[in-house]
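Q: Taken in order, these protein sequences are the chains called A and B.
Throughout the first sequence, residue numbering follows the numbering used here, covering 1 to 115 in sequence.
Throughout the second sequence, residue numbering follows the numbering used here, covering 1 to 112 in sequence.
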Amino acid sequence: AQTVTQSQPEMSVQEAETVTLSCTYDTSESDYYLFWYKQPPSRQMILVIRQEAYKQQNATENRFSVNFQKAAKSFSLKISDSQLGDAAMYFCAYRSETSGSRLTFGEGTQLTVNP
Amino acid sequence: AAGVIQSPRHLIKEKRETATLKCYPIPRHDTVYWYQQGPGQDPQFLISFYEKMQSDKGSIPDRFSAQQFSDYHSELNMSSLELGDSALYFCASRNAYNSPLHFGNGTRLTVT
Chain A
1 AQTVTQSQPE MSVQEAETVT LSCTYDTSES DYYLFWYKQP PSRQMILVIR
51 QEAYKQQNAT ENRFSVNFQK AAKSFSLKIS DSQLGDAAMY FCAYRSETSG
101 SRLTFGEGTQ LTVNP
Chain B
1 AAGVIQSPRH LIKEKRETAT LKCYPIPRHD TVYWYQQGPG QDPQFLISFY
51 EKMQSDKGSI PDRFSAQQFS DYHSELNMSS LELGDSALYF CASRNAYNSP
101 LHFGNGTRLT VT
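(1) What span of residues does the beta strand (DSSP E) with Cys92/A cover, start to end?
(2) For a contact meaning CB atoms closer than 7 Å, what does Gly58/B contact in chain A?
(3) For the segment 72 to 88 of chain A, enumerate the residues whose C-beta is nearer than 8 Å to any C-beta of chain B, in chain order.
(4) Taking all protein chains shown into account, decide if Met45/A is buried (16 or more other Cβ within 10 angstroms of its Cβ) or exposed.
(5) Quick one: what does DSSP say Asp71/B is sitting in, helix, strand or coil?
(6) Whole angstroms are fine: how far does the CA of Arg95/A sit from the CA of Tyr54/A?
(7) If we require 3 or more residues per run, which beta strand (DSSP E) segments fall completely within the segment 82 to 109 of chain B?
(8) Please go through the same chain and pick out, in chain order, the residues whose beta-carbon is closer than 6 Å to the beta-carbon of Pro115/A, but skip the five residues on each side of it.
(9) Taking the alpha-carbon positions, what's the Ala71/A to Glu97/A distance?
(10) Around the C-beta of Phe69/B, are 16 or more other C-beta atoms found within 10 angstroms, so that it is buried, or is it exposed?
(11) Do you know offhand how far Met78/B's Cα is from Gln44/B's?
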C-alpha cells in the first residue's frame with residue numbers, strides 16, 4: 001500500500017519569505033500523481049499544485065512550486081513571498097491510476113505565517 | 001465556476017441515529033469520492049463511484065453505505081451512529097483520467 005509522510009507537523013515563516021514543506025511517499029508504481037492541498041481554518045480542501053510522475057519538469061503555480069525527486073520519492077512544496085493568507089494546514093497527497101484512483105494523504109503540516 | 005456542493009453543512013445527531021449526507025459533483029464530473037476527516041487527522045478515503053458504480057472501497061464501516069444516482073449526485077448513509085463518527089465528511093469529484101479531485105466544503109457531523 002502506498003504511504004505518504006509529512007515529517008513536519010508545524011512550520012512557520014515570516015511574511016514575504018520562502019518556506020519549504022517536505023513530503024515523502026512510498027510506492028512500487030511508476031504511474032502516479034502527487035498533489036498539495038491546502039486546508040485553511042474554513043476547513044475547505046483547496047488544490048494548490050499537482051505533479052504527474054512521468055513529467056521531469058517541476059510544476060509551478062505562481063508563488064508555489066515543487067521539487068519532485070522521483071528516485072528519492074520526495075515531493076516538497078516551496079512557497080515564495082509568503083502571505084498571511086497562506087497560513088493553513090497543507091496536505092501532500094498521492095494518487096495512483098492503477099489502484100482505484102483514491103487519494104492517500106500525508107498527516108499534514110500546519111503552516112503559520114508571521115507578520 | 002460551479003463547485004462540489006455538499007449538504008447539509010452541519011449535522012447534529014444522537015448515538016444510534018441515522019444520517020444522510022448528500023453530494024452534488026461539478027457538472028460533467030462522473031466520479032465521486034467520500035472522505036472522512038476526524039479532528040486533527042488527515043482525510044481518510046471511504047468509498048468512490050464511477051458512472052454510478054462503486055469503483056473503490058476504503059475504510060468505510062459496514063454501518064455506512066453510499067450510492068451514486070443517475071444525475072451523478074451521491075449520498076452517504078450512516079446508521080447506528082457512534083460518537084467516533086463525529087468528523088468532517090468531504091465529497092470530491094473529477095471528470096477524467098488525470099484530472100485532480102475537487103473537494104466540496106464538507107459536512108461536519110457531530111454525534112452526541
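Here a beta-carbon is modelled for each residue, glycine too, at the ideal position from N, C-alpha and C.
If you're wondering where the values come from, they're calculated on a predicted model, not measured in any experiment.
A: According to the structure data:
(1) The residue given as residue 92/A occupies position 92 in the first sequence. Start and end: Ala88 to Ser96.
(2) The sequence position of residue 58/B within the second sequence is 58, counting from 1. Under the 7 Å cutoff, chain A gives Arg102.
(3) none
(4) Here residue 45/A is taken as the residue at index 45 of the first sequence, counted from 1. Met45/A should be labelled buried.
(5) Within the second sequence, the letter at position 71 stands for residue 71/B. Correct three-state label for Asp71/B: coil.
(6) Start at 1 with the first residue of the first sequence, and residue 54/A comes out as number 54. Start at 1 with the first residue of the first sequence, and residue 95/A comes out as number 95. Looking at the two C-alpha atoms, the distance is approximately 13 Å.
(7) 87 to 94
(8) Residue 115/A sits at position 115 when you count from the first residue of the first sequence. Beyond the five residues adjoining it in sequence on each side, Pro115/A comes within less than 6 Å, by CB distance, of Glu15 in the same chain, given in chain order.
(9) Here the question's residue 71/A lines up with position 71 in the first sequence. Here the question's residue 97/A lines up with position 97 in the first sequence. When rounded, the distance between both Cα atoms is 19 Å.
(10) Looking up residue 69/B in the second sequence gives position 69. With fewer than 16 Cβ atoms within 10 Å of its Cβ, Phe69/B is classed as exposed.
(11) Within the second sequence, the letter at position 78 stands for residue 78/B. Within the second sequence, the letter at position 44 stands for residue 44/B. Roughly 16 Å separates the two Cα atoms.
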